[in-house]
Amino acid sequence: MTTELMTQLGYVLAAGLFIFGLKMLGSPATARRGNMISAIGMLVAIVSALLDQGIVDFTYIAAGMVVGGAIGAIAARAVAMTAMPEMVALFNGFGGAASLLVGWAALSPDSGTFTLITIVLSILIGGVTLTGSLIAYGKLSETIGSGAITFSGQQIVNSLVVLGIFGGAVMFCMNPADPTWLYIVIGLALVFGIMAVIPIGGADMPVVISLLNSYSGLAACAAGFAINNNVLIVAGSLVGASGIILTQIMCKAMNRSLSNVLFSGFASVSSEETVIEGEIKPISVDDAYYVLEAATNVAIIPGYGMAVAQAQHVVKELTELLENNGCEVNFGIHPVAGRMPGHMNVLLAEADVPYDQLLEMDEINPRMETVDVAIVIGANDVVNPAAREVESSPIYGMPVINVADARTVFVLKRSMASGFAGIENPLFYKENTRMLFGDAKESIGGLIREFS
Amino acid sequence: MSGAEYLLFILMLSIFLGFELINKVPATLHTPLMSGANAISGITVVGAVALAGTGNENAAMWLGVGAVTLASINVVGGYMVTDRMLSFFKKKED
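Each protein sequence line maps, in turn, to chains A and B. The working numbering numbers the first residue of the first sequence as 1 and each following residue consecutively. The working numbering numbers the first residue of the second sequence as 1001 and each following residue consecutively.
Here it is, written out as structure tokens:
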């Protein structure tokens, strides 16, 4: 058997293992083994690639792998689960950058037009993914402001950048020998990544991070075309499809179209006065304890505020105390709670909450009427009844968790400031709502002390 | 079939397969799915090694070395952090 054939068969095996691994990610019971199988697939792919007889010097390959692998391993061990969104954003960026470099390096004087087009595509998508992800990282980790950055003439600037990329790409494909056009395309792709993400606000980050995830796959896919490698195409398009599906789910959960998220932001919030009836009714930890002590069915609805307050471990402790008291406790997770898809689930899993206790929005809503106490921790827009009741509200039509259907609602909140979207929340004024003001971690700690 | 058409054929099939597979992943696993997919997108390393191992110390080789390094961060970091996350997911024991 020739080594060329062995390499190709290795790629087939690797692709099969990726597919099988992703299939096993379909259930929490098999997911960990699935990830392991996918990792074995990657190992097979890399070993097969190293059989390539064009490789004469392994020094730099080994050096790159050791340095990169060490950085990756350290980051993977050190990262806190609350910081997962920015870490994934950063990794997306590295993936995009790698595809950009591969596309660039694949350029040779005898490349045909089709190859040149795919080289441009991998540079373009890779470049946008790189800078877009770095901006997303900055916003998520709050090293730069997480708000939307808009300025007058933004659309015009963006249009010019797109035109420039298109023109540069065409010129490059016609004169591949002149590197000037290539540099122009690379530069503009990097600029475009920045321009595309700065106008998007913090609350829309789940969409952006899903979309960049998809781009990193598509960039690998384009690089696969550029170097004529089918395992890159298979793996890249699997990742691309995954990111696109997550993007769709996030958009649907916010009742917004993708173009609305990408191009408008929440900047145009109507300033009209919505008259909210009722008043704010605060409750003390003592009184909250008596209500909880009598409850037989409690639903907890966490949001990003729970992650900020690092309250997930005390929440778990409270859950156990309630269960020992003969109470049923479930969690209601909104698809866009947190800063990336499934963020709350990972935080609660880390705090030892079993995954079968975490219910999706569609599962918890029909049960809400039988719930004695719904506890909202650091969530705001995802429980805002205005989405159902106030037609003029910017979030009208967005599916929300109907906590107001529960007998009593506790809202744990630092102060009366409105959520990320800057929208008033009529939930706080409802007849059956009680506000437990203060740091979520301390409030829950107070409840725990009352129980024990 | 050869060349571009063949690659496009593979592309089409794997996109459809990807949609089928990912649609079955429950919401509770979306973060591990994303970081696991991220690790898979490090597949670029496979293309990068051939470019980094040519032995001629020219620009293309250094670009390849850069790509190997970045993609290795993705592969190793992505798989490890996904495994770490998935180790937290436990079923309720009764």
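Yeah, the Cβ is synthetic: ideal placement off N, Cα and C, and Gly gets one too. No experiment lies behind these values; they were computed from the predicted model shown.
Buried versus exposed, by CB contacts within 10 Å (16 or more), residue i
i: residue 1016 of chain B; result: exposed
i: residue 110 of chain A; result: exposed
i: residue 455 of chain A; result: This structure cannot speak to residue 455 of chain A, because chain A is shown only from 1 to 452.
i: residue 358 of chain A; result: buried
i: residue 1082 of chain B; result: buried
i: residue 4 of chain A; result: exposed
i: residue 1023 of chain B; result: exposed
i: residue 408 of chain A; result: buried
i: residue 350 of chain A; result: buried
i: residue 122 of chain A; result: buried
i: residue 413 of chain A; result: buried
i: residue 53 of chain A; result: exposed
i: residue 1001 of chain B; result: Note that residue 1001 of chain B scores a pLDDT of 40, beneath 50, so its modelled location is shaky; the value from the coordinates is reported in the next line. Its Cβ having fewer than 16 others within 10 Å, residue 1001 of chain B is exposed.
i: residue 162 of chain A; result: exposed
i: residue 268 of chain A; result: Annotation note: pLDDT 45 at residue 268 of chain A (below 50); position unreliable, coordinate value reported separately. So residue 268 of chain A ends up on the exposed side.
i: residue 139 of chain A; result: buried
i: residue 312 of chain A; result: buried
i: residue 266 of chain A; result: The pLDDT assigned to residue 266 of chain A is 45, lower than 50, so where the model puts this residue is not dependable; a value taken from the coordinates is nonetheless given after this. Classification of residue 266 of chain A: buried, given that the 10 Å Cβ count is 16 or more.
Range covered by the alpha helix (DSSP H) that runs through residue i
i: residue 139 of chain A; result: 113-140
i: residue 31 of chain A; result: 31-50
i: residue 204 of chain A; result: Looking at the DSSP string, residue 204 of chain A is not in any alpha helix (DSSP H), and its letter there is neither H nor E.
i: residue 234 of chain A; result: 230-253
i: residue 448 of chain A; result: 440-451
i: residue 1006 of chain B; result: 1003-1023
i: residue 425 of chain A; result: Here residue 425 of chain A belongs to no alpha helix (DSSP H), and DSSP marks it neither H nor E.
i: residue 66 of chain A; result: 59-78
i: residue 371 of chain A; result: That residue, residue 371 of chain A, is in no alpha helix (DSSP H); it is neither H nor E in DSSP.
i: residue 263 of chain A; result: 258-263
i: residue 6 of chain A; result: 3-24
i: residue 416 of chain A; result: Segment: none, residue 416 of chain A is in no alpha helix (DSSP H) and carries neither H nor E.
i: residue 1045 of chain B; result: 1044-1052
i: residue 1035 of chain B; result: 1030-1041
i: residue 363 of chain A; result: 361-364
Chain B contact residues for residue i, given Cβ-Cβ distances below 7 Å
i: residue 227 of chain A; result: 1047
i: residue 49 of chain A; result: 1046, 1049 and 1050
i: residue 88 of chain A; result: 1034, 1035 and 1038
i: residue 172 of chain A; result: Correct list: empty, because the minimum Cβ distance to chain B is about 16 Å.
i: residue 357 of chain A; result: 1092
i: residue 360 of chain A; result: 1027
i: residue 104 of chain A; result: 1063
i: residue 61 of chain A; result: 1049, 1052, 1053 and 1068
i: residue 97 of chain A; result: 1070
Unbroken beta strand (DSSP E) run spanning residue i, endpoints
i: residue 85 of chain A; result: Not the beta strand (DSSP E): residue 85 of chain A falls in the alpha helix (DSSP H), residues 84-105.
i: residue 437 of chain A; result: 433-437
Neighbouring residues, chain B, relative to residue i (Cβ below 9 Å)
i: residue 8 of chain A; result: Neighbours of residue 8 of chain A on chain B: none; closest Cβ ~12 Å, over 9 Å.
i: residue 184 of chain A; result: Per Cβ cutoff of 9 Å: no residues; residue 184 of chain A is ~18 Å from chain B at best.
i: residue 454 of chain A; result: What the structure shows of chain A is the stretch from 1 to 452, and residue 454 of chain A is not part of that stretch, so it cannot be assessed.
i: residue 341 of chain A; result: 1027, 1030, 1031, 1033 and 1034
i: residue 178 of chain A; result: Those within 9 Å of residue 178 of chain A in chain B number zero; the least Cβ separation is about 15 Å.
i: residue 23 of chain A; result: 1021 and 1024
7 Å Cβ cut-off: residues of chain E touching residue i
i: residue 246 of chain A; result: Structure shown: chain E not included; protein chains present are A and B.
Closer than 8 Å at the beta carbon, the chain B residues around residue i
i: residue 221 of chain A; result: 1011
i: residue 58 of chain A; result: 1053
i: residue 101 of chain A; result: 1048, 1063, 1064, 1066, 1067 and 1070
i: residue 72 of chain A; result: 1072, 1073, 1074, 1075, 1076, 1077, 1078 and 1080
i: residue 232 of chain A; result: 1043, 1044, 1046 and 1047
Presumed contact (8 Å Cβ cut-off) between residue i and residue j, rounded CB distance
i: residue 239 of chain A; j: residue 1073 of chain B; result: Going by Cβ atoms, the distance from residue 239 of chain A to residue 1073 of chain B rounds to 16 Å, so no, they are not a contact pair.
i: residue 245 of chain A; j: residue 198 of chain A; result: Not a contact, Cβ separation roughly 26 Å.
i: residue 290 of chain A; j: residue 339 of chain A; result: No, residue 290 of chain A and residue 339 of chain A are not in contact; Cβ-Cβ is about 35 Å, not under 8 Å.
i: residue 231 of chain A; j: residue 1046 of chain B; result: 6 Å
i: residue 82 of chain A; j: residue 310 of chain A; result: 7 Å
i: residue 1086 of chain B; j: residue 35 of chain A; result: 6 Å
i: residue 214 of chain A; j: residue 243 of chain A; result: 2 Å
i: residue 132 of chain A; j: residue 193 of chain A; result: 4 Å
i: residue 124 of chain A; j: residue 173 of chain A; result: Incorrect: roughly 12 Å between the Cβ atoms, too far for contact.
i: residue 302 of chain A; j: residue 437 of chain A; result: Rounded, the Cβ-Cβ distance is 18 Å, inconsistent with contact.
Inset, instruction - Mind listing, in chain order, the continuous alpha helix (DSSP H) runs of no fewer than 4 residues lying wholly within the segment 1057-1082 of chain B? - result: 1059-1072
Legend entry - Length at least 4, wholly inside the segment 277-359 of chain A: the alpha helix (DSSP H) runs in chain order: Correct list: 285-294, 304-308, 312-324 and 343-350.
Legend entry - Segments assigned beta strand (DSSP E), at least 3 residues, entirely inside the segment 162-194 of chain A: none
Legend entry - Sequence ranges, alpha helix (DSSP H) only - wholly within the segment 375-412 of chain A, length at least 4: You should have 386-389.
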